[in-house]
Amino acid sequence: MKKKLYIIPLFLTLFSFVVIYLSLQLDTSPEMIVGDSMQARSFPIFLMVINLLLVAILSLQFYKTYPKEIELEKFPTWSSMLLFLIFYIIILISGDMFVAIPIVMFLMGLTWGQKKVWVSLTNAIVTPLSIFLLFDYVLQVRFPRGWLTNIYYG
187 MKKKLYIIPL FLTLFSFVVI YLSLQLDTSP EMIVGDSMQA RSFPIFLMVI
237 NLLLVAILSL QFYKTYPKEI ELEKFPTWSS MLLFLIFYII ILISGDMFVA
287 IPIVMFLMGL TWGQKKVWVS LTNAIVTPLS IFLLFDYVLQ VRFPRGWLTN
337 IYYG
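This is the structure:
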């Protein structure tokens with residue numbers, strides 16, 4: 187039974203190595219296209235190295251303590267799928283991912299049992315804003331136009 191626990195870490199490790207291998211097959215982009223930002227092949231490699239570190243931590247935790255059986259939670263699971271459908275519909279209606287993400291993140295936190303509304307609201311606002319600013323300032327990647335991005339980009 188204990189060997190069964192290592193199926194997911196093994197799959198994640200294989201997946202990470204395949205992505206790293208495929209990323210190494212990509213050509214480097216010319217300096218005039220990329221500029222000061224990260225090469226197209228570097229970002230997936232960076233993510234997969236982080237993924238491998240997290241898999242190692244997960245495997246170590248499995249080795250030290252055997253996890254307890256988890257009861258299936260039907261309502262949060264099905265409501266999460268419904269929220270992803272709502273996410274898709276909001277994107278279709280508004281045309282802006284940064285309108286849909288905070289709404290769905292807020293509702294997802296409440297669905298999964300967050301008692302404090304302000305925590306869920308703060309998470310729903312700060313996380314997408316941080317990701318947007320990280321991509322805009324650090325990685326210098328522009329997002330597609332939408333309601334909020336039109337206001338930001340001018």
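Just add 186 to wherever you are in the sequence shown, counting from 1, and you've got the numbering used here.
Ideal placement from N, C-alpha and C gives every residue a C-beta, glycine not left out.
Since we're looking at a predicted model, the values are computed, not measured.
For residue i, three-class secondary structure by DSSP
i           : result
residue 258 : coil
residue 327 : coil
residue 213 : coil
residue 282 : coil
residue 247 : helix
residue 301 : coil
Nearest neighbour of residue i, chosen from the options [CA to CA]
i           : options               : result
residue 281 : 203, 339, 196 and 335 : 335
residue 308 : 232, 196, 292 and 243 : 292
residue 197 : 228, 210, 211 and 234 : 234
residue 259 : 314, 269 and 299      : 299
CB contact flag (residue i, residue j, <8 Å)
i           : j           : result
residue 294 : residue 316 : no
residue 290 : residue 333 : no
residue 206 : residue 243 : no
residue 199 : residue 238 : yes
residue 296 : residue 306 : yes
residue 191 : residue 273 : no
Exposure label - residue i; buried when at least 16 CB within 10 Å
i           : result
residue 275 : exposed
residue 287 : buried
residue 195 : buried
residue 327 : exposed
residue 241 : buried
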